[in-house]
Amino acid sequence: MNERDSNALAADLLKRGYELTDNENAADILLFNTCSVREQAELKAVGKIGILKKLKKKKPDIFIGVLGCMAQRRGNELLKELPHLDFVIGTDQLERLPDILEKEIIKREQISLTEENSEMPSTLTEHIIKTNGVSEFIAIMRGCDMYCSYCIVPYVRGREKSRPIPEVVDEVNKLADRGIKEIMLLGQNVSAFGLNQNTKVRPLESPFADLLTEINKINEIKRIRFISPHPFFFNDKLINTIVEHFPKICNNIHLPLQSGSDRILKSMNRRYNINMYMDVVNKLKSKIPDITFSTDVIVAFPGETEDDFNNTRRVMNDVGFDNAYIFKYSPRAGTPASKYEDQICQQLKEERNQILLKDLTERTTKHNKAMEGRVFEILIEGESSRNAQKWSGRTSNNKVAVFDHNPNLRIGDIVNVHIDRSTSMTLFGSIISS
Ligand code: SAH
Ligand code: SF4
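Dropping the structure here:
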């Protein structure tokens, strides 16, 4: 989400005559778009901004601003801690950045903008598309109302707000006109897109499914992906829509699990249990045989016993995730779980993390091996990052495949590739048709 916001803000500033540079010594304005989900991310950002004190002393005319979650969370306190900062702009005020740069910062007073805004900003829709870009993110909603007990997002990104379907479709159409072939729909809880979700039971309707159906009609878009759906809102309407629009809706679904233990899921306030979760997985597996799943998992949540952890391990194996973001629980001030008594020591966090990472590599190696000898459609993304002689792209289930370049091929084409060999990270193959 931050990457998408940064891209939209940069596009907006470019339109207004600013130039972009990633050389901090050449910049007149330095902007940091920050994440607060884990403490480590904040510490890193504060460390980096702290180092810029020297640069500011040498070049007092530059401006330094912090945007996003940490700005929202710490506001004025951050300006006090880092007096060389010029402004902080929180998550709901990002679209005011150009105005602040043009009219306000010139006064040379520190500025903090962190008010919540119940409206979805309609201005963060510009895109800078990389040369030969085939894939773009689109933010379809902001904020989150789920209040998982460990999570800072509802406090720093505010109330959940969804964009109207026609506005999203319009943005996709514009990207399609610029040559984009794949879109990734973004939100903290995309399966609740457009819902009034003060509901204790899983709703029967799914405005998110309606959105997918509309985007599916855009011929130039070849692939649709989305992150992250919440399992609670993943109902039959959404499942059937994914099945109906497969393969355009890609056959890798990111479905955050967080824990494989019902007891821990309850304490996380996740609103589903493993039966409900597996029900979604099994329905999708039975209808799309090659479907794969990726996930987010937190290890060593307060009170997680050996049994709870082993349940997570087992569920991860049962689903067969071949990509997973595994996080060590990080207490976030102001969230209920940070006050739970039975916090787990760093060493155990590390051990459990390593076990899941090892399982993951073993599973991925095995899954990739099973793809050898078969043919998959690959969306070509361009030269391989490791070997410019080769090209690379992705399968529908989001695996990177590397193959020989062929002069008839263009970036953005979909080709059939026979998989010859694999590692845990990459498939290697040969084109059999284009
Ligand atoms: N809305 C998405 C994810 C948002 S944050 C969802 O519900 O899945 C991305 C991931 O960060 C989460 O899925 C969770 O696994 C992780 N995360 C959030 N808060 C965390 C914390 N306090 N400690 C460790 N990981 C955390
Ligand atoms: Fe955080 Fe839960 Fe919302 Fe995801 S659904 S952003 S984990 S509160």
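Everything in the sequence shown is counted per our numbering, starting at 91 for the first residue and increasing by one.
Idealized CB from N, CA, C, for every residue including glycine.
Short note on residue 278: C-beta closer than 7 angstroms to some heavy atom of the ligand SF4. Along the length of the stretch 336 to 364, whole beta strand (DSSP E) runs at least 3 residues long occupy 342 to 344, reported in chain order. With contacts defined as CB atoms closer than 8 angstroms, residue 386 and residue 346 qualify as a contacting pair.
Taking the C-beta atoms as reference points, residue 124 is found no nearer than 8 angstroms to residue 241. Taking 7 angstroms as the cut-off, one finds at least one heavy atom of the ligand SF4 near enough to the beta carbon of residue 241. Our two residues, residue 400 and residue 127, have alpha carbons roughly 25 angstroms apart in a direct line. DSSP, reduced to helix, strand and coil, places residue 414 within a strand of the structure shown. The beta carbon of residue 351 sits closer than 6 angstroms to the beta carbons of 398 and 401 from its chain, once the five residues preceding and following it are set aside; these are given in chain order.
Between residue 141 and residue 122, the gap from beta carbon to beta carbon reaches 8 angstroms or more. Looking only at 105, 469 and 134, the smallest Cα-Cα distance to residue 311 is reached by 469. The shortest CA-to-CA distance from residue 487 to any of 495, 461, 472 and 510 is the one to 461. By alpha-carbon distance to residue 361, the top candidate from 508, 371, 209 and 289 is 289. Between residue 434 and residue 463 a beta carbon distance of about 44 angstroms is seen, past the 8 angstroms cut, so the two are scored as non-contacting. DSSP places residue 482 inside the beta strand (DSSP E), whose first and last residues are 480 to 484. Between the alpha carbons of residue 363 and residue 108 lies a distance of about 50 angstroms.
Scanning the stretch 195 to 270 for uninterrupted alpha helix (DSSP H) segments of 4 residues or longer gives 243 to 246 and 255 to 267, listed from N- to C-terminal end. The alpha-carbon of residue 305 is positioned some 47 angstroms away from that of residue 143. With the rule of 3 Cβ pairs closer than 8 angstroms, the stretch 403 to 416 does not count as touching the stretch 222 to 241. Between the ligand SAH and residue 348, a heavy atom-to-CB distance of less than 7 angstroms is present. Boundaries cannot be given for residue 192, as no alpha helix (DSSP H) includes it and DSSP labels it neither H nor E.
Assignment of beta-bridge partners to residue 124 by DSSP yields 158. Taking C-alpha positions only, residue 324 is separated from residue 244 by approximately 20 angstroms.
When DSSP states are grouped into helix, strand and coil, residue 467 belongs to the strand group. Rounded to the nearest angstrom, the gap between the Cα atoms of residue 515 and residue 99 is 33 angstroms.
Not one heavy atom of the ligand SF4 sits closer than 7 angstroms to the Cβ of residue 321. Contact between the stretch 192 to 202 and the stretch 210 to 219 is absent, with fewer than three C-beta pairs closer than 8 angstroms.
Taking C-alpha positions only, residue 455 is separated from residue 494 by approximately 22 angstroms.
Inside the stretch 372 to 459, DSSP marks whole beta strand (DSSP E) runs of 3 or more residues at positions 382 to 389 and 413 to 418, from first to last along the chain. Nearest C-alpha to residue 349 among 357, 180 and 370: 357. A Cβ-Cβ distance of about 5 angstroms is found for the pair residue 160 and residue 132, placing them in contact under the 8 angstroms criterion. For residue 125, the distance from the CB to the nearest heavy atom of the ligand SF4 is not below 7 angstroms. Rounded to whole angstroms, the gap between the alpha carbons of residue 451 and residue 443 is 13 angstroms.
Rounded to the nearest whole angstrom, the CA to CA distance from residue 475 to residue 162 is 36 angstroms. Taking residue 165 as the centre and dropping the five residues before and after it, the same chain places the C-beta of 178, 180, 202 and 204 closer than 8 angstroms to its C-beta, in chain order.
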